[in-house]
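Working notes, structure below.
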Amino acid sequence: MGLTKSSTGLNIMSKVKKISIKDINYTIGLAGNPNVGKSTVFNELTGLNQHTGNWPGKTVANAEGVYGYRECGYKVVDLPGTYSLLSNSEEEEIARDYICFSQYDAIAVIADATSLERNLNLFLQVLEISDNAMLCVNLIDESEKKGIEINFEELEKELKCKVVKAAARQGVGIEEFKEEISKIVKEKNQQGFKVQYNEEIEDAITKISNLLTIEISDKKKRWLALRLIEGDRVLCESLIKRFKITEDIVFEIHNIREKVKEELGGGSISDIIVGTIIKKSEEICKKVVCAPEQYTLRDQRIDKILTSKLTGIPIMILLLGVILWITITLANIPSEILSRMFAAIEIKLREFFIYIAAPSWLTGVLIDGMYTTIAWVTSVMLPPMAIFFPMFTLLEDLGYLPRIAFNLDKCFKRCCSCGKQALTMCMGLGCNAVGVIGCRIINSPRERLMAIITNNFMPCNGRFPTLITIATIFIGATVGGIGSVSGNIIAAASVTAIIVLGVFMTLLVSKILSKTFLKGIPSNFVLELPPYRRPQIGKVLVRSILDRTLYVLGRALVVAAPAGIVIWIFANISVGNNSLLCTCAEFLNPFADLIGVDGYILMAFILGLPANEIVLPIIIMSYLRSSTMLELDSGIQLRELLIANGWTLLTAINVMLLSLMHYPCATTLITIKKETKSFKWTFLAFIIPTICGMVTCFVVTQIWRFI
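This is the structure in structure tokens:
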């Protein structure tokens with residue numbers, strides 16, 4: 023499957039152009055820690071549809087939108103979540119560079135009302151560089167439920183700036199947000215808040231500020247001096263180059279830094295600066311926040327079960343199996359109804375074409391080629407997607423995805439990889455291209471490459487319909503028949519097993535890469551487990567249906583319709599005694615037989631490069647064009663068609679294995695090339711899963727035939 027418009031930001035950019043505000047008067051940056059509802063605030067302000075989710079690392083690039091307020095146009099930039107302006111990863115660098123170096127009129131820092139102390143650390147750092155900053159305390163609805171009281175008047179006095187309270191998911195506080203922003207950009211607030219450091223550091227700040235002759239505000243000069251004192255090599259080099267600081271001044275700064283270290287007894291200057299900010303946050307929160315001691319006990323009790331060494335992974339597998347079982351059980355009836363509806367429409371279409379005396383080739387192309395393909399793809403793919411995606415989105419909003427990453431962290435460490443790869447793997451369940459982009463949250467270039475190369479082992483949206491359909495009509499049917507309770511349970515278990523195999527292959531290939539192309543040791547990281555939140559069912563349904571189900575279905579239809587025409591043409595062009603379609607399949611048959619499939623199946627995977635969604639439709643179309651025509655109104659008839667073309671249980675298993683392990687779709691490959699800027703790594707991402715799939719199918723086939 024490829025990128026969805028919401029997940030990549032393309033939807034945002036397309037909608038920005040449609041908003042009829044001629045002049046943008048002001049630019050506003052939205053900053054904040056991960057998972058504080060920043061993108062929700064962005065959506066409420068702009069009316070756009072930036073994807074939101076209850077897990078950290080979701081936003082990995084700036085998203086832009088606009089809104090109008092009191093005859094002024096405001097451009098809003100949604101920055102990636104960051105805990106500090108001392109960046110540790112690519113997405114944090116994006117946020118830091120924007121806040122520190124970009125031209126904007128105001129910065130709004132979004133904070134979580136249930137974790138205000140932790141969130142204030144970033145806001146205090148922002149106040150050190152900009153006076154035109156506002157704090158928006160979001161999720162006040164959750165803090166009220168937990169009995170947390172915040173004295174907002176006292177908080178404003180302490181910070182010497184405006185504080186807005188909001189519950190963005192309900193639209194509460196958005197108008198107040200716009201009003202206060204309009205005041206800040208026009209009045210240019212200059213309250214002069216600053217964090218007071220110890221005497222040694224303050225003296226060093228003064229000395230370095232006096233050395234700097236660049237024309238910037240005193241506040242930015244103080245911030246620049248503070249960063250130069252800290253001595254972060256990468257940041258210092260960037261600042262020296264950006265502000266053209268001479269070598270003589272750099273040498274003097276180095277001497278001042280060393281003197282401060284000596285005065286502090288050799289301690290870390292950075293630790294002291296960070297510690298001072300944390301202490302200031304604690305002092306402020308002690309004055310303004312009143313929270314009951316037991317309010318986090320519920321989350322802790324749940325986490326003891328969901329993240330336990332004994333129960334964490336089994337519950338994860340069981341939960342996935344239950345979701346798939348519900349999907350398979352509920353999808354059968356609507357699938358059959360849609361099939362019958364499309365069959366009835368097809369009869370009317372044929373009557374119409376006969377009535378207008380349309381030539382047979384036109385009837386073949388438009389009805390046998392295009393319409394039947396569209397009908398089959400819709401009836402088979404739409405019901406399971408409409409059931410599965412809302413449940414998956416529900417897990418996102420609940421905050422369960424980071425718990426999956428937590429459970430798998432030790433496994434990735436043993437494979438010399440980073441635990442954050444588990445998060446990007448979860449993104450891959452939605453879309454592999456999104457998972458590849460999500461790898462930006464991984465700090466180490468080595469580990470980032472490893473995550474990119476192995477992300478395709480997670481079946482994406484486009485592969486689930488194929489897996490579910492084959493599991494239902496073949497794996498499940500061997501036990502209790504299609505649609506039976508026992509059959510559905512076995513089908514769900516088989517799809518779950520495929521996903522677990524995907525996780526295993528991700529770990530195995532990561533281990534091999536860490537010992538060959540990408541040697542190194544795993545890095546440490548801190549994973550934030552967000553609070554469990556009650557999902558908004560309405561928004562979950564809308565987002566999962568519009569952004570996932572209908573988008574994936576539309577993408578499948580756009581590719582499958584012309585593919586159906588091509589297959590029909592191939593089936594009706596003769597080469598000797600055979601059609602061109604049969605000739606191509608026969609050419610591939612010898613190799614296909616080695617891995618337990620046939621030439622039509624192999625051809626479908628080759629033609630399915632543009633999108634994984636069309637692999638099974640191409641297989642079905644090929645069989646329909648090369649054998650007696652059959653109306654597919656049910657799973658039973660589809661099973662009969664496959665069996666008539668030589669399918670066995672072994673064939674079904676191998677198709678599922680190939681669906682899991684083969685090259686990424688075209689969109690994902692393009693994304694990999696953009697992210698790695700290398701044909702070498704793109705080729706590895708293409709060839710590694712393909713070889714794994716071929717070898718696995720070959721081994722399974724030979725063992726099966728031997729037994």
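To convert a position in the sequence shown, counted from 1, into the working numbering, add 22.
Every residue, glycine too, gets a C-beta built ideally from N, C-alpha and C.
Residue interval of the beta strand (DSSP E) (run including residue i)
i      : result
ILE50  : 48 to 54
VAL426 : The identity of residue 426 in the sequence shown is Ile, whereas the question assumes Val. No beta strand (DSSP E) holds ILE426; the alpha helix (DSSP H) holding it covers 423 to 436.
ALA155 : 155 to 160
TYR91  : 85 to 91
VAL99  : 94 to 100
Assigned exposure category for residue i - 16 Cβ within 10 Å defines buried
i      : result
LYS80  : Here LYS80 scores only 48 on pLDDT, less than 50, and its place in the model should not be relied on; the value that follows carries that caveat. Under this definition LYS80 is a buried residue.
TRP347 : buried
VAL597 : exposed
LYS696 : exposed
HIS276 : exposed
VAL507 : exposed
TYR573 : buried
TYR377 : exposed
PRO102 : buried
ASP293 : exposed
TRP383 : exposed
CYS482 : buried
Three-state class that DSSP yields for residue i in the structure shown
i      : result
ASN510 : helix
VAL58  : coil
ALA188 : coil
ALA633 : coil
LYS216 : coil
LYS541 : coil
GLY498 : helix
LYS699 : coil
LYS182 : coil
ILE236 : coil
GLN147 : helix
ILE729 : coil
ILE170 : coil
LEU108 : coil
ASN483 : coil
ILE687 : Ile is not the amino acid found at residue 687; the sequence shown has Cys there. The answer is coil: DSSP assigns CYS687 none of H, G, I, E or B.
LEU67  : helix
GLY253 : coil
Residue i versus residue j - alpha carbon distance
i      : j      : result
GLU252 : THR698 : 31 angstroms
ALA455 : ILE223 : 46 angstroms
ARG92  : ALA408 : 41 angstroms
ASN169 : ASP163 : The sequence given here has Gly at residue 169, not Asn. Roughly 10 angstroms separates the two Cα atoms.
LEU580 : LEU646 : The sequence given here has Val at residue 580, not Leu. Approximately 20 angstroms between the Cα atoms of the pair.
LYS182 : ILE300 : 18 angstroms
GLY657 : THR400 : 14 angstroms
ALA353 : GLN558 : 24 angstroms
LEU664 : ASN477 : 31 angstroms
TRP77  : MET413 : With a pLDDT of 40 at TRP77, under the threshold of 50, the predicted position of this residue should be treated as unreliable, and no value is reported.
LEU341 : LEU144 : 36 angstroms
LYS442 : VAL722 : 32 angstroms
ILE230 : GLU176 : 34 angstroms
GLY114 : LEU523 : Gly is not the amino acid found at residue 114; the sequence shown has Glu there. Rounded to whole angstroms, GLU114 to LEU523 spans 33 angstroms at the Cα level.
VAL501 : MET403 : 23 angstroms
GLY289 : TYR89  : 48 angstroms
LEU471 : MET447 : 13 angstroms
THR712 : PRO612 : 18 angstroms
PRO632 : GLY450 : 17 angstroms
ASN429 : GLY484 : 26 angstroms
ILE295 : ALA130 : 23 angstroms
ASN667 : GLN659 : 13 angstroms
is_contact[residue i, chain B] using C-beta, thresh 8 angstroms
i      : result
THR415 : Although the question refers to chain B, the structure presented lacks it and comprises just one protein chain.
Run of the alpha helix (DSSP H) containing residue i, from where it starts to where it stops
i      : result
ALA130 : Taken as a continuous stretch (DSSP letters only), ALA130 belongs to no alpha helix (DSSP H), being part of the beta strand (DSSP E) at 128 to 134.
GLY657 : 657 to 666
VAL677 : 671 to 682
THR491 : 486 to 492
SER204 : 196 to 209
_Length-filtered (4 minimum) alpha helix (DSSP H) runs lying within the stretch 258 to 346_ = Runs of the alpha helix (DSSP H) inside the stretch 258 to 346: 269 to 285, 291 to 310, 319 to 328.
*Would you list, in sequence order, the uninterrupted alpha helix (DSSP H) runs of no fewer than 4 residues that lie entirely inside the stretch 351 to 424?*
Runs of the alpha helix (DSSP H) inside the stretch 351 to 424: 382 to 385, 394 to 420.
*asked:* Which runs of the alpha helix (DSSP H) at least 4 residues long sit entirely within the stretch 552 to 628? Give them in chain order.
replied: Taking only runs of at least 4 residues, the alpha helix (DSSP H) segments lying wholly in the stretch 552 to 628 are 559 to 565, 573 to 594, 602 to 616.
*Identify every run of the alpha helix (DSSP H) within the stretch 443 to 480, keeping only runs that are complete inside it and at least 4 residues long; order them along the chain.*
Complete alpha helix (DSSP H) runs here, min 4: 443 to 452, 454 to 460, 467 to 476.
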